[in-house]
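Inspection log for the structure reproduced underneath, given as structure tokens.
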Amino acid sequence: MSSTEITLRVVNAISDVAPAAWDACANPTCEVGAKIDYNPFISHDFLCSLELSGSVRNRAGWQPMHLVAEAGGELVGAVPCYAKSHSQGEYVFDPQKPREWNRGAFLVDGPAHCGACHTPKSILGGDKTAQYLQGSYLQDWSAPDITNDASRGLGHWTVDDIVTYLKTGHNRTTAATGPMAEAVDLSFSKLTDDDAKAIATYLKSLPGRQDTPAPLSRDAPVMIAGSAIYRDQCAACHGLDGKGIARLFPSIADSSMVRSDDPSTAIRIVLRGARSVATDAEPTAPGMPSYSWLLTDEQVAAVLTYMRNAWGGAAVEVKPSEVTRLKSSLAPRPD
Ligand code: HEC
Ligand code: HEC
Numbered sequence: 006m007s008s009t010e011i012t013l014r015v016v017n018a019i020s021d022v023a024p025a026a027w028d029a030c031a032n033p034t035c036e037v038g039a040k041i042d043y044n045p046f047i048s049h050d051f052l053c054s055l056e057l058s059g060s061v062r063n064r065a066g067w068q069p070m071h072l073v074a075e076a077g078g079e080l081v082g083a084v085p086c087y088a089k090s091h092s093q094g095e096y097v098f099d100p101q102k103p104r105e106w107n108r109g110a111f112l113v114d115g116p117a118h119c120g121a122c123h124t125p126k127s128i129l130g131g132d133k134t135a136q137y138l139q140g141s142y143l144q145d146w147s148a149p150d151i152t153n154d155a156s157r158g159l160g161h162w163t164v165d166d167i168v169t170y171l172k173t174g175h176n177r178t179t180a181a182t183g184p185m186a187e188a189v190d191l192s193f194s195k196l197t198d199d200d201a202k203a204i205a206t207y208l209k210s211l212p213g214r215q216d217t218p219a220p221l222s223r224d225a226p227v228m229i230a231g232s233a234i235y236r237d238q239c240a241a242c243h244g245l246d247g248k249g250i251a252r253l254f255p256s257i258a259d260s261s262m263v264r265s266d267d268p269s270t271a272i273r274i275v276l277r278g279a280r281s282v283a284t285d286a287e288p289t290a291p292g293m294p295s296y297s298w299l300l301t302d303e304q305v306a307a308v309l310t311y312m313r314n315a316w317g318g319a320a321v322e323v324k325p326s327e328v329t330r331l332k333s334s335l336a337p338r339p340d
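Residue 193 in the working numbering sits at position 188 of the sequence shown, with consecutive numbering throughout.
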């Protein structure tokens, strides 16, 4: 049998490789761009047995990916491996941690791309790794902190809360909107239960920032104004205690999104209203009315400042100018 040269390439899609295969091949490391002779009986075992070469001896900073073998442009084999990613933050495979945790880290940093929206970007577009998953801004939406930080992140969410949110777009405290609703609809609602749980377990292990900002005083004029607006306009659905009604109206008291450093998503929802995703598991999606016709920019800022600092929360004041800026930026957008 004649041998053909094949090229090894590293990709980060897992769709065609079963998790079992990932497990079985947890050890091999491979050289990107290596050329080997193609053997028609090329198998997972064969690819897994590739020699470790070059400087690729230490797995620190390398993340699980897939090594695909191509001959004449055709895919002839694929196997999980470790490789250095240039497009994402550093992920250090941790042999001390359970498989579920590593699987979660792999999914979050790799195929699920949570950091693409939730990790802040530098001017050059790279991830600010020191602020990993601590919230970011994209096209007039803010994506909140999804570490286990108790004040701005998912500290009050259980593993089950995260799993339910990823799979249905809702949970007992909140509902997904905008780009997150789209991601749930197109992708996360199709995660297996085990993978959703692995992601949740991993997120709950991230300590986040841990510095708690001081809450604004209840007597501050903006808090008094915000509290009155909240009572009149919002409490009917979200509750005087901010707890909402499970699965119908989000609990503002437990929302990391509402306390996000960047309040854009919350402002946007108050101005425009929101209707979250309907998934097969939960086909009806309740709606949040729009208030841009009723409240001034000062009032929107005040009610949000109140919500951010009531019920044990603490976050910097929302400025009326932030509402004005977002309003003009949203004006030409239909969604
Ligand atoms: C396309 C961008 C995008 C991607 C990808 C994305 N998110 Fe989000 N996410 C958002 C935005 C924007 C919000 C805020 C909107 C909302 O809360 O409904 C959000 C909200 C959330 C929230 C809700 C927090 C709260 O308190 O309301 C969680 C939890 C979350 N994302 C987890 C994840 C995880 C886990 C992944 C990866 C598996 C992920 N997201 C991927 C954009 C994204
Ligand atoms: C008629 C009921 C109703 C009223 C009144 C109402 N909301 Fe909502 N609100 C909702 C629903 C439903 C959602 C969930 C929307 C979605 O699917 O994302 C929501 C979501 C929100 C969110 C996003 C919370 C999160 O974690 O995702 C904010 C912020 C919010 N509302 C603020 C307000 C403010 C401020 C007022 C008063 C000015 C108000 N709401 C009045 C029903 C209501």
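The beta-carbon is built from N, C-alpha and C at its ideal position, and this holds for glycine as well.
Computed from a predicted model, the values in this text were never measured in an experiment.
- For S260, the distance from the CB to the nearest heavy atom of ligand 1 is below 7 Å.
- For the set R330, W298, G244, G317, the Cα lying nearest the Cα of S261 is the one of G317.
- Listed in chain order, the beta strand (DSSP E) elements of length 3 or more contained wholly in the segment 100 to 152 are 141 to 143, 146 to 148.
- If you draw a 10 Å sphere on the C-beta of L309, you find 16 or more other C-beta atoms in it, and that means buried.
- Boundaries of the alpha helix (DSSP H) around M228: 226 to 234.
- In the three-state reduction of the DSSP assignment, G292 falls in the strand class, which pools E and B.
- The nearest non-hydrogen atom of ligand 2 is less than 7 Å from the C-beta of Y296.
- Runs of beta strand (DSSP E) with 3 or more residues, each lying fully within the segment 165 to 202, are absent.
- Distances from the alpha-carbon of R214 to those of S156, T301, S141, D237 put S156 closest.
- Contact between N153 and P212 holds, since their C-beta atoms are separated by about 6 Å, short of 8 Å.
- Contact between the segment 244 to 256 and the segment 164 to 183 is established, with three or more Cβ pairs separated by less than 8 Å.
- Here DSSP, grouped into helix, strand and coil, assigns R277 to helix.
- Annotation: M262 is outside any alpha helix (DSSP H) and is labelled neither H nor E by DSSP.
- In the pairwise beta carbon analysis, the segment 190 to 197 is classified as not touching the segment 260 to 275: fewer than three pairs are separated by under 8 Å.
- Contact check for V168 against A201 passes: the beta carbons are separated by less than 8 Å.
- Within the DSSP secondary-structure output, I250 pairs in a beta bridge with F254.
- Cβ contact annotation for P218 (same chain, cutoff 8 Å, sequence separation greater than five): S156, A319, A320, V321, in chain order.
- Residue environment: G109 is assigned as buried (16 or more neighbouring CB atoms within 10 Å of its CB, all protein chains considered).
- The shortest C-alpha to C-alpha distance from P325 to any of A315, A307, W298, L299 is the one to A307.
- In this structure, the beta-carbon distance from E105 to T206 falls below 8 Å.
- The criterion of a C-beta distance shorter than 8 Å is not satisfied by L171 and L143.
- In the displayed model, H243 falls within a helix according to three-state DSSP.
- Straight-line spacing of the CA atoms in D302 and G231 works out to 12 Å.
- K324 sits in coil when the DSSP states are folded into three classes, being neither helix nor strand.
- For L309, the enclosing alpha helix (DSSP H) has its first and last residue at 302 to 314.
- When only Cα atoms are considered, R277 and A186 end up about 16 Å apart.
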